[in-house]
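One structure below.
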């Protein structure tokens with residue numbers, strides 16, 4: 267939402283400075299806050315929105331100083347260099363046609379945002395996204411990025427840690443093996459059952475386990 271709004275402000279208003287951009291971003295952010303959200307979610311929203319406003323306003327000032335006569339489209343794509351919720355068609359790999367990666371930095375850098383500790387399964391999923399991208403655009407992807415957002419206990423601030431993931435043959439093979447395993451279980455109508463130990467971040471924890 268913050269990235270989309272940043273682009274909307276740049277296209278519609280074309281702010282003359284980072285200060286003007288920041289004020290417009292914060293004004294819009296205040297209008298979409300919902301009183302029905304818990305304080306934890308409100309704090310997280312404010313923290314993310316404020317960071318985005320600061321980052322993009324700083325980027326705008328830097329771009330205006332170095333390239334003051336950029337076209338509007340060039341300005342927007344330089345200030346906000348990534349495309350969020352980028353769609354991929356996974357049907358060539360037997361996957362969904364409506365895959366979404368968190369962000370794409372053109373021409374071929376895939377980015378995933380995570381708020382929980384990074385696990386091997388997330389890296390394997392990135393390999394799957396990379397394979398889909400390669401099949402669709404015939405462009406090789408050797409690396410991807412995971413951005414881990416580590417929030418404070420009150421969720422009013424966070425730190426960002428990046429992990430560069432090498433999309434090598436071993437990671438690709440692991441994705442293919444998992445895909446085939448899950449496809450076999452699905453086609454054979456096999457219920458693997460509940461694991462002995464569940465991921466505490468699983469959104470279905472309270473559904474599958476009565477003790478969750």
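Numbering (the numbering used here), first residue to last: 267 to 478. Even for Gly, the Cβ is constructed at its ideal location relative to N, Cα and C. Note that the coordinates shown come from a computational prediction; the quantities given were computed from them, not determined experimentally.
Under 8 Å between C-beta atoms of residue 426 and residue 437
no
To which residues does DSSP link residue 413 through a beta bridge?
In the DSSP secondary-structure assignment, residue 413 is bridged to 379 and 428.
Over the uninterrupted beta strand (DSSP E) stretch that includes residue 369, give me the two end residues.
365 to 371
Backbone secondary structure at residue 354 - three-state DSSP:
strand
By how many angstroms is the C-alpha of residue 451 removed from the C-alpha of residue 283?
56 Å
Let's see if you can read the secondary structure: which residues bound the alpha helix (DSSP H) around residue 374?
Residue 374 -> no alpha helix (DSSP H), and no H or E assigned at all.
So, are the CB atoms of residue 361 and residue 401 less than 8 Å apart?
no
Which of the three DSSP states is assigned to residue 279 in this structure?
coil
What span of residues does the alpha helix (DSSP H) with residue 290 cover, start to end?
For residue 290, the enclosing alpha helix (DSSP H) covers residues 284 to 297.
Assuming contact is defined by CB atoms lying nearer than 8 Å, are residue 441 and residue 410 in contact in what I supplied?
With respect to residue 410, residue 441 sits apart: the two C-beta atoms are not nearer than 8 Å.
Using the rule of at least 16 other Cβ atoms within 10 Å of the residue's Cβ for burial, across every protein chain shown, is residue 468 buried or exposed?
exposed
Cβ neighbour criterion (16 or more within 10 Å) applied to residue 281:
buried
Taking the alpha carbon of residue 278 as the reference point, which residue from 313, 339, 312 and 470 has its own alpha carbon closest?
339
For residue 370 versus residue 407, is the C-beta spacing smaller than 8 Å?
no
Tell me whether residue 494 is buried or exposed, calling it buried when 16 or more other Cβ atoms sit within 10 Å of its Cβ.
The structure shown does not extend to residue 494, since the chain is modelled only from 267 to 478, so the question has no answer here.
Whole-angstrom Cβ separation of residue 322 and residue 272, contact assumed at under 8 Å?
About 5 Å separates the beta carbon of residue 322 from that of residue 272, a gap short enough to meet the 8 Å contact definition.
Using the Cβ count rule (16 or more neighbours within 10 Å means buried), how would you classify residue 290?
Counting of Cβ neighbours within 10 angstroms places residue 290 among the buried residues, the total reaching 16 or more.
Cutting at 7 Å between CB atoms, please list the residues of its own chain near residue 416, excluding the five before and the five after it.
424, 425 and 427
Could you check the C-alpha separation between residue 276 and residue 396 for me, to the nearest Å?
Distance between the alpha carbons of residue 276 and residue 396: 30 Å.
Look at residue 313 and residue 268 and say whether their C-beta atoms are less than 8 Å apart.
no
Can you give the beta carbon distance from residue 299 to residue 308, rounded, assuming they're within the 8 Å contact cut?
About 7 Å separates the Cβ atoms of residue 299 and residue 308, confirming a contact at the 8 Å cut-off.
If contacts are defined as beta-carbon pairs under 8 Å, then residue 336 and residue 329 qualify, I think. What distance do you get, rounded to the angstrom?
7 Å
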